[in-house]
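Taking it in order: structure first as structure tokens, then the write-up.
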Amino acid sequence: MVIRCTSSTELDVALPSMDELNPYGLAWCGELDSGNNNNDADAGGVETWLPVPSLMHSKESVRFREALSNVLQDMHLEVSPDELEARATTPEYKLEQSDWAAHDVADAFLKTVARLPQELLDDDDDDDEKPSMAPKSDAPVTLGWLKKRGEGNTSMKKRWMQLEGNVIAYYKREVDNAKYTRAERVKLQKGNIELDKISCFQPCGERDLWWAFELVTTNRTWVLQAESEAEYMKWVNALSHTVSFQVVNIVYRRMLCLQEVRATAKTDVRLNLPQAFTVEMAIEHIFHSYEATVDASALRPYTPSDYVLKLTGFKDYLIDPKRRVVDYTYVRECLVTKKMLRLSVVPKASLTLTPSHKRVLSNIKSSGRLSSMLATSLMAFESPDAHHGSTNNNASETTDDAIPEASTYPSLLAPSCNLKEPLRFCIHRAINCPGFTSSLKRTSHDMSIEKQPLVYADVLVRVELYDGGQRLEDPIESVDTKLQLQTATASASSVGWNVHDYVARWDEPKWYRTKMKIKDLPRTARLVLTLWGAKKDASGKVSANVDERERICSTAINVFDVDGLLVQGDTYNQLLSSVYTLRVGPVPHIIDTTKPYLHLTMAQFPTDVQYRLQDDSTDNQDEGINDDDEASRPTGLVIEKKGWLKKLGQQGSLSKWRKRWFSLSSATGVLSYSDSAQSNTPKLIPLKQATVLICDALKETYTTFAVNKGTRREQRTWGFKLKPFESSRVFLIAADSKQDRDEWMAAIRAVAFEASDNQNEFRDLDDSALSSQRSTITASSVSTDDLKRLDTASIFESPSPSSSSPSSSVAAVLDEIKVLIETDPLVRLNKLQKTVLWAHRHLFAHSFRALPRVLSCVQWTNAADVDEARALMASWAAPRHPAEYLELLDVEFSSDYVRKFAVEKLAAMADTTFSYFIPQLVQALKYESYHASPLALHLIERGLRNPNQIGFDIFWALKVEAENDRFRERFGTLLNSFIDVSSAKMRDVLFVQSTLFSPSGALEGICQYVKQLKAGRKNLDEIRAEARSKLTALNESLPTSYQLPIDPRVEVGKLIVSKCKVMSSAKLPLYLVFENAEAGGDPITVIFKSGDDVRQDSLTLQLIRVMDELWRERGLDLAMEPYKCVATGPMTGILQVVLNSITTADIHKRIGTLGAFDETSFTNWITANNQDKKSLKTAVDLFRRSCAGYCVATCVLGIGDRHNDNIMLTHAGRYFHIDFGHFLGHVKYQVATTERLSGSELWF
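Here full-length UniProt numbering is used: the first residue of the sequence shown is 1, the next is one more, and so on.
And the structure:
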């Protein structure tokens, strides 16, 4: 629908320029370029790379860079820039005592293959210095006659076999290789066996077949028989050295003395490394073991202290001579998983360090306008009564000549606690308004923004006051006005005036005011302004019905800026899409004049207003309190709650559930309900002395199509009964969630108490009131399920029921609070519960679970309450693990004190454990009110201190969120600053990674090209050929050494294009094989996905990894070993490939169409791949443990879409899950969510 409206030009509204809207507006690129010529010697005249380009500066970004500069100065007092550069070049992945991964292991020795430096060998013969490589020739390596058992006809047939690379080709007759080329031989083939698909190479178990062996693949088991023992040994030897070590049967391993790591070079030595050895002891032991080896080459003179250890094939060093070898991450992993440890002895002199990165501090502050304003603000930084420095808000009018002296500056500030008037503002205009509304459209595999044309021409602005995600008072709505179509003039482009967009103007200024006074506003309060289109009725009045409104766009303003100054005067704010809510998190600071923005004026005062907490003692020293203030103070608890619930009719269970709008108010003491929120004739339920009880019998489970026809979400009703006093009727009501039901029941019970004669009980609470009186938990307080889970003895010390004492009602509420804290960590308490909890806060000091709920009761605008809260946090019982402090970074805790306290506690975690929670910590940045938060600074500091183990993960976690327009300014600021202060080595590697794997990278371009070919009906072979040509071209631009985002310990080089392919699944991911940058290292195989949001997979795998660590901490090894997954964009990511594994669907296919119903399928598979008793016993045990672990994990996480293609099994018996696109109840409706075990699984 096209709305009808008048038109307007930019001359009608006098638009400001881009520089006026962005007074700090030097672009990042321009600023950093200005400093590179002098300070960045390694730049070489090339522009500095920024992961989020085209960002403008704001006061927030300047303050963040100031704070980061201070952090760097403090850090450089402990660690020099050269040391930080060394950590990036030669990383050490250490384990601390408090790390989760530091589990005790019973094994006393590590099986190790060590490699000495080549220059230490006193041998001039270079022919045998390197491991022998298979000769590259067109001719087959091994050939001869073998008998083959047919698939249909099981008789043994004689075939001419030739081993060519990783394929055994067989013919009916002998083929002369000198006569035929390889291409001609392919045409003569009867078939072939791909050795890459072999899962087991073992002797034949049939006694009547001499000199026979089996090759087990997914589709079938090949039985081949030689004519003599010599032929048999020839083929066994050739195949054992062709296939991977893991698939060779233990009989052949022992017969040929095969080892997992083939130490065939003259520099290699095998040894057992004791756990107790330090690095220096291990180096000496390696040298002694080599010298004691038979036929070892002589060594030149050496000093063991001149060498360090390196993990072969990894960028991971063991440098600290006094640290135990097992106190490194990968060494402990090898000890736990019984892998072979591979070490290289490298000279310390080879650890050349890049010159220190001197631009760390020099470019933090830029030249020109930005540095001038920075100097102005620094003069007023850190006033005595402020949390942050203060500066003149009108930065565009500040000059160097007008800088006040620091000693006189504090006198120019007025404390906010003295302002007893409301916050006032006036709305002027909304410019470049879109002609559409936006909404999120989500399918089971994708999420996009859907746009609909505007329906209504009348618009208004709805203003809401928020703090910590909670609305502080009723919203304010402006008068409505008509949208006008923007038309062009000659100067339109210079001011960002978008033709065919709309403008809304309020020509007659009208001042609006909040109900709360400025002195009562929290430090982190914000105004959320939303532009709504609305329908007018016949009388010209704007409809209040939400169905007759459309949300166009919104913005938010921090009432107090980053310096704690009250926002005053004219402000312009970017309007964001209607899909975003700005109740928490960053607010827009940068204005793009080509996009929608809003102009309003905040009330001005004679001077700047600095935020300051209210102090009751100072208030009492004032001349007096006016009558309005005294009258406005609440005399009791004010409880109001509104929302939709379901209610049964008077016939009870014989009637149907009907949706009703319920409204609860402590002022009237009644619960009202009606058909709609706008009804003027609601029905009333008196609550005085009413009884409310849980009714589990009313629970129902049903399914709705929450996303699309291919998915479902399981819903439940949570019922309760309400019986008014002296009434025979019982109202049966249900909520959509347990938390919603608990909140309604608690609010109703609180209003019932308030309306009763005992309401004054709650105002005289003290700690002694319950010292002698306790009450037990009643069935009306909690559900039967909660009672079963709750250990009441852990909460109550001396339960003695009492209902006649004056404090029995208080005790009942206190008991209810205790139960809620123990059973529901996400519970939100009502006002009555908060009052009771705060009065008896010291009773909970021994339980960390209660701390978040106690902090939610604090009045953060009162200085006394804040001091009490800070003292409580310092003395409160510590949690079992520091990770529990993450709860204090949730959205409801907006106080700087709480968030800083949580960051200080989380900082105590060791790096390995800290890295587990980087995704949650980065998400918590969305709840910070300002860029310069303790959490943001600590994350960057940890990333700089340990760039490889933490820095790479932080980079990609920030990079993914920076792709979101809502958070681009914040995460872009953090990301660009992080790159700006990182080491030169790390910046170079991150640049390569971003060029390859980001949403705008080279691999994403290849994926899109592949999808175009698929849409053009190309077959898979043609697509793979085209993809390989693209990868070949990409290979030419790749450096010889860089790290992958999925594991920074691994350095890779070029792609092995011949092994890369396009996979056949729906999204056509790329199967990529990289060369290991270190000679002798194993190739690295990953999958690059495009079109899937792998962040959900990454979250699920992280939770499984945490479960596994918790189990290991308690001595339970369930061998989960989840694969690695890194999101590089909203719809791109990298996944680790688990080698030597197949899906359970492929296992079932080996038997036939009905293989899924064969109870012996898993038994046969594991037995076929582990024929000797020892390996079979080990495989069965591994299957049991891993299957049990994943069954529990997938059940707890509610993981759905579990079918045989999403469950895999390794050849060694480890059971694991993949593809976690549906979890936490969001599942496909075709597939049941309950995981069921087959008969063979139960047998194991």
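Virtual Cβ for every residue (Gly too), placed ideally from N, Cα, C.
Length of the line joining the Cα atoms of residue i and residue j
{"i": "Ala14", "j": "His428", "result": "12 Å"}
{"i": "Ser61", "j": "Leu413", "result": "23 Å"}
{"i": "Leu521", "j": "Asp467", "result": "9 Å"}
{"i": "Trp211", "j": "Asp1201", "result": "46 Å"}
{"i": "Pro1045", "j": "Val1052", "result": "11 Å"}
{"i": "Tyr328", "j": "Ser439", "result": "49 Å"}
{"i": "Arg968", "j": "Leu72", "result": "24 Å"}
{"i": "Glu333", "j": "Val113", "result": "16 Å"}
{"i": "Leu684", "j": "Leu664", "result": "10 Å"}
{"i": "Ala697", "j": "Trp744", "result": "18 Å"}
{"i": "Glu477", "j": "Ala845", "result": "44 Å"}
{"i": "Ile777", "j": "Val827", "result": "The predicted position of Ile777 is uncertain, since its pLDDT is 33 and thus under 50; no value can be drawn from it."}
{"i": "Lys157", "j": "Lys148", "result": "5 Å"}
{"i": "Thr303", "j": "Leu120", "result": "11 Å"}
{"i": "Leu814", "j": "Leu829", "result": "12 Å"}
{"i": "Gln118", "j": "Glu85", "result": "27 Å"}
{"i": "Trp316", "j": "Thr912", "result": "Reading off the sequence shown, one finds Asp at residue 316, where the question assumed Trp. Distance between the alpha carbons of Asp316 and Thr912: 14 Å."}
8 Å Cβ shell around residue i - same chain, five flanking residues per side excluded
{"i": "Val567", "result": "Asn393, Ile557, Asn558, Val559, Phe560, Asp561, Met602"}
{"i": "Gly313", "result": "Arg342, Val1050, Asn1076, Glu1078, Gly1080, Gly1081, Asp1082"}
{"i": "Asp19", "result": "Gly25"}
{"i": "Trp511", "result": "Arg424, Phe425, Cys426, Ala603"}
{"i": "Asn1206", "result": "Thr1143, His1217, Ile1218, Asp1219"}
Cβ shell of residue i (< 7 Å), same chain only, five flanking positions each side left out
{"i": "residue 1254", "result": "Any question about residue 1254 goes unanswered here, given that the chain covers just 1 to 1244."}
{"i": "Tyr841", "result": "Checking the sequence, you will find Arg at residue 841 rather than Tyr. These residues qualify, in order along the chain: Val854, Leu872."}
{"i": "Ala1168", "result": "Cys200, Val216, Thr221"}
Within-8 Å CB hit, residue i to chain D
{"i": "Ser1161", "result": "Of the chains in the structure shown, none is chain D; there is only one protein chain."}
Reduced DSSP category for residue i - H, G, I as helix; E, B as strand; rest coil
{"i": "Asp740", "result": "helix"}
{"i": "Ala167", "result": "A small fix is needed here, since residue 167 is Val in this sequence, not Ala. The answer is strand: DSSP assigns Val167 an E or B state."}
{"i": "Asp608", "result": "strand"}
{"i": "Trp1111", "result": "helix"}
{"i": "Arg115", "result": "strand"}
{"i": "Thr1132", "result": "strand"}
{"i": "Gly972", "result": "helix"}
{"i": "Tyr897", "result": "helix"}
Boundaries (first-last residue) of the beta strand (DSSP E) holding residue i
{"i": "Asp534", "result": "In the sequence on display, residue 534 carries Ala and not Asp. Run containing Ala534: 526-534, per the beta strand (DSSP E) assignment."}
{"i": "Ser665", "result": "658-665"}
{"i": "Arg462", "result": "458-467"}
{"i": "Leu645", "result": "640-647"}
Residue i and residue j closer than 8 Å at C-beta
{"i": "Pro1039", "j": "Ser982", "result": "no"}
{"i": "Ala957", "j": "Ile918", "result": "yes"}
{"i": "Ile590", "j": "Ser929", "result": "no"}
{"i": "Lys517", "j": "Leu419", "result": "yes"}
{"i": "Gly533", "j": "Leu454", "result": "yes"}
{"i": "Asp458", "j": "Lys482", "result": "yes"}
{"i": "Gly569", "j": "Tyr611", "result": "no"}
{"i": "Leu258", "j": "Phe245", "result": "yes"}
Range covered by the alpha helix (DSSP H) that runs through residue i
{"i": "residue 1246", "result": "Residue 1246 lies beyond the range of the chain shown here (1 to 1244); nothing can be said about it."}
{"i": "Ala1179", "result": "1173-1196"}
{"i": "Asn1169", "result": "1161-1169"}
{"i": "residue 1252", "result": "With the chain covering only 1 through 1244, there is no way to say anything about residue 1252."}
Closer than 7 Å: residue i CB and nearest the ligand ATP heavy atom
{"i": "Ile168", "result": "Among the ligands in the structure shown, none appear at all, so the ligand ATP cannot be discussed."}
Sequence-distant residues of the same chain with beta carbon closer than 6 Å to residue i, five excluded per side
{"i": "Gln202", "result": "Glu214, Asn249, Gln1171"}
{"i": "Ser672", "result": "Ser663, Pro682, Leu684"}
{"i": "Leu1224", "result": "Gly1198"}
{"i": "Thr1032", "result": "Val1057"}
{"i": "Ile364", "result": "Interpretation of Ile364 is limited by its pLDDT of 39, a score under 50 that renders its predicted location unreliable; the figure taken from the coordinates is listed afterwards. Cβ neighbours of Ile364 beyond the five flanking positions: Arg65, Ser69."}
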